[in-house]
Ligand SMILES: [Zn+2]
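Residue numbers (the numbering used here): 517 to 623.
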């Protein structure tokens, strides 16, 4: 799951002056693994689906299969991406509820 923080909090904690890695605007989300992926929501919605399609296409080019199966492969990957999207959305909503509960309990 990505670790969302406001750009102000992320910059303070990371010691970086972070901007969206694609457009340079204020970021909305970070994904931290080996490297940080830092994007604004506009670039995430615009670029990530295109990157996903490119990745599937390049994988298919390296493993040639009949055209009808190529379309099926694209559809299968989109279904997988959609599951991952809703899983991440549910996790973010759960975290928001936990933050609200914690704030309520501390008052
Ligand atoms: Zn951007």
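The C-beta atom is built at its ideal place from N, Cα and C for all residues, glycine as well.
Contact set for residue i: own chain, Cβ-Cβ below 6 Å, skip 5 residues either direction
| i | result |
| --- | --- |
| residue 553 | 547 |
| residue 537 | 554 |
Closest residue to residue i among the options (Cα-Cα distance)
| i | options | result |
| --- | --- | --- |
| residue 587 | 565, 576 and 605 | 576 |
| residue 571 | 594, 584 and 561 | 594 |
| residue 568 | 590, 613, 620 and 610 | 590 |
Residue i beta carbon near ligand 2 (any heavy atom closer than 6 Å)
| i | result |
| --- | --- |
| residue 546 | This structure simply doesn't include ligand 2; it includes ligand 1 instead. |
Within-7 Å CB hit, residue i to chain B
| i | result |
| --- | --- |
| residue 562 | Note that chain B does not occur in the displayed structure, where there is just one protein chain. |
Close-in-space but distant-in-sequence residues of the same chain around residue i (CB under 8 Å, 5 per side omitted)
| i | result |
| --- | --- |
| residue 539 | 556, 558 and 559 |
| residue 542 | 523, 535, 536 and 556 |
| residue 581 | 589 |
Neighbouring residues (CB closer than 6 Å to any heavy atom of ligand 1): 536, 538, 539, 541, 555, 556, 558 and 559
Unbroken stretches of the beta strand (DSSP E), 3 residues or longer, contained in the region 533-609: 545-548 and 552-555
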